[in-house]
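Chemist: Protein chains in written order, with the numbering used here: chain G, 940 to 1293; chain L, 263 to 533; chain W, 13 to 285.
C-beta: ideal position from N, C-alpha, C; glycine also.
Mind having a look at this structure? Questions to follow.
Here it is as structure tokens:
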């Protein structure tokens, strides 16, 4: 049985519908991210699950229980906010203890649990500090401890890492995921950062304009995007207009020459298609490379050294520039700007967009 | 620097002159006599009156201002009402002194609008029952006109500074509305409220113009006493006057310092 | 979460609105009742025709204007210097600017009278000119907290440190910087402080009365003792004036450098076609 079930959730504010017919089923201990651009409705969905917004229609079930009409304080959830939202008049320990105090747990049990939580987030000994005495990362850790102390059924995270510095963000996301795994709490995570979503989640829901465009593992989302939006939103994407020549083999005409897709196409011959492929799918090849037969040439226009990756763009046809990502392997000299190169792409890595 | 010279000559020096003079006899010797003279029943009564009036005015102003602020910000009032009253408060907090007294005479004086209305319509003769605008409570009611707006203006940012996320976080942790207010909301607001109370206290304590316009020189609060003393009407010992002034300075300083400390505390939490 | 309309807060708001509005209405109505049996503006006419009124008002206007001038001249360069060159002095300067809030004006005047009396090193109280100066000085001190805060806020908003560096890198001298860059940009803040000062000083009583000046404050108190209807008229006019002054103060406080208060029809903004 799923821990969290969202059925046909719809939320409208006046004339604007922000969430349209949203469905989701979360299994126990699952970590799911809601990913999408600003305004796509992901935060609204989270707030409906929390109980801070009431769905216009649809239902929410936590642990088999219909909570759609319940206020947040009855749902046994835990929540983390982008701005940490620590209570300024309470110490870190006081904050962590808050949920336990509210539910009437004994003082000794509270003390024990608070110590346990603070240790879990790596802040033992910080209990007596006030929020204004803590850094952003420390505050967010306290917020995490506070949220999970009362053993919530579902953990809801509203862009908790967006306000933090890059390095801390990466460190903290690993810690959050580790703690979540250890405790086995079902978690719903909202973010606009795809790297975060893909790194942390069991499944990702890509949202656009109030709808879920695709629900799948990070691998599915990235390598098998279900729609043009998902393909373009996640990662970088090269796009190529094409005309279908032979539906049986997937032979297409493109501005860079003919390509063989090696698959049966559902469209009719002569129809217009959009092909897409990731920058890392493009290979720079030498003349005797196995892919040399289906290669095309281009002239390198830009070169960005990004550390682990070197990113090129190459002009392959009039007004057509493609992005290429190559691994930075020491010892291998990569071509310079201006040089003519040969590029190829394995047929199975070419996506056909709807 | 001209600013420092100016303030030194015309602000710090005169005040220090008074402070030092408070501990000097007319011949120039050091003495505590003047301070002891403050225990003179008339003067002590005056201080007590001022303190009582200022406390009452500050208390009423704090409570009403807080209620109004809560009603406007958290009570679901439409935004235009809130904006109108806040703008008005900005003007009203400066509308102290003589014109305010006049307006209240026209309202609650013997022939005032409300007095007459209560008598004709409600059958209530408030003056017959012992009320008078030119008394302790009449002054307190009049002071309220600039005290309540001041409280409103100071406490509004504090209430607005109560982040919505705190309430949501508390709710997500299982707290009811009253638990949130008790454990988070009220404690966070407390320094601001207390600080404002002290501000109102100091404000009421130092007021002169309103009292004179309303009750002439008959209502002997400390500013009036000092006023008469400077005029040369009452006491013939200028050094006692200095002691009076010193007493005022002390009371005002203490309350203002505590106010500033509390405000700092509140601002630190609002980060 | 939407909050439903609640009766409690509504009642409180209504009560507050009544409390604020009724005295004004009462004063207004009372001021119209000077002529027995009919409503007229006779009380207002009587006020305006009184020679003493005009004298007192003029006196106070001039005194307030002088206070504004002196105050601005004192505060602006100081605020600039403290921000730019002497940040360590900032705490002192700010503390001093807050002192007048703690020292009641009665006490201040008392000290000044005593200190600058006939036997002192600066006998200001012995001449009319001296006493008037003392009045203006008293007003400057009284308005110091507000003037300083207004100017300081204005300077904070425009980051004068960076502006000064930019100007210096372009070759401007210190004086030129203050006049052509700093002053124009904080003009609105200064004007805002000026309106507040004006409002405070116009009806001021304690200082004017103790210095025996025939300013507007003492005039009003005297009128209150002598007349019945004119004070109510004065109260209404005073309130109206305060409202206008506060309005201007807010408008200037919120103005950005370069913005104009009123847009004239022919002053088009935006790119030329």
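Whose C-alpha, out of 1264(G), 1052(G), 1060(G) and 1061(G), is nearest the C-alpha of residue 1177(G)?
Modeler: Residue 1177(G) sits at position 238 when you count from the first residue of the first chain. The option with the nearest alpha carbon to residue 1177(G) is 1264(G).
Chemist: Using a threshold of 8 Å, state whether the C-beta atoms of residue 1010(G) and residue 1038(G) are closer than that.
Modeler: To locate residue 1010(G), count along the first chain from 1; it is residue 71. To locate residue 1038(G), count along the first chain from 1; it is residue 99. Cβ atoms of residue 1010(G) and residue 1038(G): not closer than 8 Å.
Chemist: Is residue 960(G) near residue 941(G), with beta carbons less than 8 Å apart?
Modeler: Within the first chain, residue 960(G) is the residue found at index 21, counting from 1. Within the first chain, residue 941(G) is the residue found at index 2, counting from 1. Not a contact, by the Cβ cut-off of 8 Å.
Chemist: Report the start-end ranges of each alpha helix (DSSP H) in the region 271 to 300 of chain L that is 4 residues or longer and not cut off at the edges.
Modeler: Correct list: 275 to 283 and 295 to 299.
Chemist: Quick check on residue 1211(G): does DSSP put it in helix, strand or coil?
Modeler: For the purposes of this step, residue 1211(G) is taken as residue 272 along the first chain, with counting starting at 1. In this structure, residue 1211(G) counts as strand in the three-state DSSP scheme.
Chemist: Using the Cβ count rule (16 or more neighbours within 10 Å means buried), how would you classify residue 280(W)?
Modeler: Residue 280(W) sits at position 268 when you count from the first residue of the third chain. Since pLDDT at residue 280(W) reaches only 47, below the 50 mark, its modelled position is unreliable, and no value is offered.
Chemist: From residue 13(W) to residue 149(W), what distance separates their C-alpha atoms?
Modeler: The residue labelled residue 13(W) in the question sits at position 1 within the third chain. The residue labelled residue 149(W) in the question sits at position 137 within the third chain. Only weak support is given to the placement of residue 13(W): the predicted model assigns it a pLDDT of 41, under 50, and the value that follows is read from those uncertain coordinates. So the alpha carbons of these two residues sit roughly 54 Å apart.
Chemist: Which same chain residues end up closer than 8 Å to residue 117(W) when comparing Cβ atoms and leaving out the 5 residues on each side of it in sequence?
Modeler: Taking the third chain and counting its residues from 1, the one referred to as residue 117(W) is at position 105. Cβ within range, chain order: 150, 154, 216, 218 and 219.
Chemist: From residue 1235(G) to residue 1201(G), what distance separates their C-alpha atoms?
Modeler: Here residue 1235(G) refers to the residue found at position 296 when the first chain is read from its first residue. Here residue 1201(G) refers to the residue found at position 262 when the first chain is read from its first residue. Roughly 18 Å between the two C-alpha positions.
Chemist: At the 8 Å Cβ level, is residue 440(L) part of the contact set with chain G, yes or no?
Modeler: Residue numbering aside, residue 440(L) sits at position 178 when the second chain is read from its first letter. Output row for residue 440(L): interface = no.
Chemist: Applying a beta-carbon distance threshold of less than 8 Å, which residues of chain W neighbour residue 302(L)?
Modeler: For this step, residue 302(L) is matched to residue 40 along the second chain. In chain order: nothing, as chain W lies at least about 19 Å away.
Chemist: What is the residue span of the beta strand (DSSP E) that residue 959(G) lies within?
Modeler: For the purposes of this step, residue 959(G) is taken as residue 20 along the first chain, with counting starting at 1. Note, residue 959(G): beta strand (DSSP E), 955 to 965.
Chemist: Pull out every residue of the region 1037 to 1069 of chain G whose Cβ sits closer than 7 Å to any Cβ of chain L, in chain order.
Modeler: 1037, 1038, 1041 and 1042
Chemist: Under the DSSP definition of a beta bridge, which residues are partnered with residue 1265(G)?
Modeler: If you number the first chain from 1, residue 1265(G) lands on position 326. DSSP output for residue 1265(G) lists 1249(G) as bridge partner(s).
Chemist: In whole angstroms, give me the CA-to-CA distance for residue 981(G) and residue 1164(G).
Modeler: Here residue 981(G) is taken as the residue at index 42 of the first chain, counted from 1. Here residue 1164(G) is taken as the residue at index 225 of the first chain, counted from 1. One C-alpha to the other measures close to 19 Å.
Chemist: Establish whether the CB of residue 436(L) and some CB of chain G are separated by less than 8 Å.
Modeler: As a position in the second chain, residue 436(L) is number 174, starting the count at 1. So yes, residue 436(L) belongs to the interface.
Chemist: With distance defined between alpha-carbon atoms, name the residue in 267(W), 55(W) and 209(W) nearest to residue 43(W).
Modeler: To locate residue 43(W), count along the third chain from 1; it is residue 31. Out of 267(W), 55(W) and 209(W), 55(W) has the C-alpha closest to the C-alpha of residue 43(W).
Chemist: Could you run through the region 471 to 491 of chain L and flag, in chain order, every residue whose CB is less than 7 Å away from some CB of chain W?
Modeler: 471, 474, 475, 485, 488 and 489
Chemist: Give me the chain L residues within the contact set of residue 251(W), using Cβ-Cβ distance strictly less than 8 Å, ordered along the chain.
Modeler: In the third chain, the residue the question calls residue 251(W) occupies position 239. Chain L residues near residue 251(W): 353, 357, 361 and 365.
Chemist: Count the other CB atoms, across all protein chains shown, that sit within 10 Å of the CB of residue 519(L); report buried if there are 16 or more and exposed otherwise.
Modeler: The sequence position of residue 519(L) within the second chain is 257, counting from 1. So residue 519(L) counts as exposed.
Chemist: Is residue 1137(G) helix, strand or coil by DSSP?
Modeler: Here residue 1137(G) is taken as the residue at index 198 of the first chain, counted from 1. DSSP places residue 1137(G) within a helical segment (H, G or I) once states are collapsed to three.
Chemist: Could you tell me which residues DSSP pairs with residue 188(W) in its beta bridges?
Modeler: Residue 188(W) sits at position 176 when you count from the first residue of the third chain. The bridge partners DSSP lists for residue 188(W) come to none.
Chemist: If I measure Cβ to Cβ from residue 1247(G) and keep anything under 8 Å in the same chain, skipping five residues before and after, which residues do I get?
Modeler: Here residue 1247(G) is taken as the residue at index 308 of the first chain, counted from 1. If we look at residue 1247(G) and ignore the five residues flanking it on each side, its Cβ neighbours are 1266 and 1267.
Chemist: Using beta-carbon positions only, say whether residue 315(L) and residue 483(L) come within less than 8 Å of one another.
Modeler: As a first step, residue 315(L) is located in the second chain; it is residue number 53 there, counting from the start. As a first step, residue 483(L) is located in the second chain; it is residue number 221 there, counting from the start. Yes. Within cutoff.
Chemist: Measure the Cβ-Cβ separation of residue 1130(G) and residue 943(G) and say whether it is below 8 Å.
Modeler: Along the first chain, one-based indexing puts residue 1130(G) at 191. Along the first chain, one-based indexing puts residue 943(G) at 4. Against a cut-off of 8 Å, the Cβ pair of residue 943(G) and residue 1130(G) comes out as no contact.
Chemist: Can you tell me whether residue 1020(G) is buried or exposed, with buried defined as 16 or more other CB within 10 angstroms of its CB?
Modeler: Taking the first chain and counting its residues from 1, the one referred to as residue 1020(G) is at position 81. Per the 10 Å Cβ criterion, buried.
Chemist: Helix, strand or coil for residue 529(L), going by three-state DSSP, please let me know.
Modeler: Locating residue 529(L) in the second chain gives position 267, where the first residue counts as 1. In the structure shown, residue 529(L) sits in a helix (DSSP, three-state: H, G or I).
Chemist: Is there contact between the region 417 to 428 of chain L and the region 391 to 408 of chain L, where contact requires at least three CB pairs shorter than 8 Å?
Modeler: No, the region 417 to 428 of chain L does not touch the region 391 to 408 of chain L.
Chemist: Going straight from the alpha carbon of residue 1001(G) to that of residue 1142(G), what length do you get?
Modeler: Taking the first residue of the first chain as position 1, residue 1001(G) is located at position 62. Taking the first residue of the first chain as position 1, residue 1142(G) is located at position 203. Note on geometry: alpha-carbon atoms of residue 1001(G) and residue 1142(G) lie some 19 Å from one another.
Chemist: Identify every residue that forms a DSSP beta bridge with residue 1177(G).
Modeler: Reading the first chain from its first residue, position 238 is the one you call residue 1177(G). DSSP, once it has assigned bridges, lists 1216(G) as partnering residue 1177(G).
Chemist: Does the CB of residue 952(G) have a neighbour CB from chain L at under 8 Å?
Modeler: If you number the first chain from 1, residue 952(G) lands on position 13. So no, residue 952(G) is outside the interface.
Chemist: For residue 191(W) and residue 197(W), I'd like the C-alpha separation in whole angstroms.
Modeler: To locate residue 191(W), count along the third chain from 1; it is residue 179. To locate residue 197(W), count along the third chain from 1; it is residue 185. Looking at the two C-alpha atoms, the distance is approximately 10 Å.
Chemist: Alpha carbon to alpha carbon, what distance is there between residue 323(L) and residue 19(W)?
Modeler: As a first step, residue 19(W) is located in the third chain; it is residue number 7 there, counting from the start. As a first step, residue 323(L) is located in the second chain; it is residue number 61 there, counting from the start. The alpha-carbon atoms of residue 19(W) and residue 323(L) are separated by roughly 22 Å.
Chemist: How would you list, in chain order, the residues of chain L whose beta-carbon sits under 7 Å from the beta-carbon of residue 1266(G)?
Modeler: By one-based count along the first chain, residue 1266(G) stands at place 327. Near residue 1266(G) there are no residues of chain L at all, since even the closest Cβ is about 43 Å away, more than 7 Å.
Chemist: Determine, for residue 427(L), whether the minimum Cβ-Cβ distance to residues of chain G falls below 8 Å.
Modeler: Looking up residue 427(L) in the second chain gives position 165. Yes, residue 427(L) lies at the interface with chain G (some Cβ there is under 8 Å from its Cβ).
Chemist: Just to confirm before moving on: does the CB-CB distance between residue 364(L) and residue 86(W) stay below 8 Å?
Modeler: As a first step, residue 364(L) is located in the second chain; it is residue number 102 there, counting from the start. As a first step, residue 86(W) is located in the third chain; it is residue number 74 there, counting from the start. No, the pair does not count as a contact, with Cβ atoms beyond the cut-off.
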